[in-house]
Amino acid sequence: MKCPQCYSINIIKNGKLKNKQRYLCKQCATQFTSRTSIKPKNKLNLQKNHALILLLSGFSYRNIGEILSENHMTIYKWLLPYHHLLSKLIKPTTPEVFTMQTFFENGSENPNGLFINLKSGKVFIGHH
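If you read the sequence shown in the numbering used here, its first letter stands for residue 170, the second for the next number, and so on.
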């Protein structure tokens with residue numbers, strides 16, 4: 170058995186958790202059970218890079234999780250160290266919202282566009 174964190178074989182038994190044997194790595198002090206999966210670090214780094222690319226492409230954490238077969242919170246934790254960098258690179262934008270009144274006040278008798286009635290949820294397409 171190897172440590173899932175540092176791959177050391179220098180491990181000892183460390184009690185039980187829900188009838189599963191726990192182990193402690195003497196090298197890096199990581200606690201784990203025999204069912205803890207070991208993913209190669211290069212594969213994990215590849216997945217993290219892929220997740221970052223997908224995030225920059227506009228995918229949500231849930232979408233990325235589905236694509237990479239990981240939990241969306243795992244994706245969030247992977248990308249957490251990059252959040253401060255991303256906030257500097259990507260400026261948040263807010264959509265510009267117009268009302269029908271705005272179009273008519275500006276002299277457009279036949280406005281083009283998509284209009285949504287927020288109260289009823291109905292969508293209107295205006296064109297001439």
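Positions of the beta carbon are idealized from the N, C-alpha and C atoms, including for glycine.
It should be emphasised that the depicted structure is a prediction, and the values quoted were computed from it without experimental measurement.
Cβ shell of residue i (< 8 Å), same chain only, five flanking positions each side left out
i	result
lysine 217	Trp247, Leu248
lysine 257	none
leucine 186	Thr202
Contacts around residue i, its chain only, beta-carbon distance under 6 Å, and the 5 residues preceding and following it disregarded
i	result
arginine 231	His241
isoleucine 244	Ala220, Tyr230, Ile233, Gly234
Residue i and residue j closer than 9 Å at C-beta
i	j	result
lysine 171	isoleucine 178	yes
tyrosine 251	leucine 221	yes
Range of the contiguous alpha helix (DSSP H) that encloses residue i
i	result
tyrosine 230	230-237
tyrosine 176	Where tyrosine 176 is concerned, there is no enclosing alpha helix (DSSP H), given that its DSSP letter is neither H nor E.
lysine 257	252-258
leucine 300	There is simply no residue 300 to check, as the chain begins at 170 and stops at 297 in what is shown.
Cβ-based neighbour list, residue i, same chain, cut-off 7 Å, excluding 5 preceding and 5 following
i	result
glycine 184	Arg191
glutamine 174	Cys194, Cys197, Thr199
For residue j and residue i, believed in contact at Cβ under 8 Å, the rounded distance
i	j	result
leucine 224	isoleucine 236	Contact doesn't hold; Cβ gap of about 11 Å is too wide.
Endpoints, the beta strand (DSSP E) within which residue i is located
i	result
threonine 202	200-202
lysine 189	189-194
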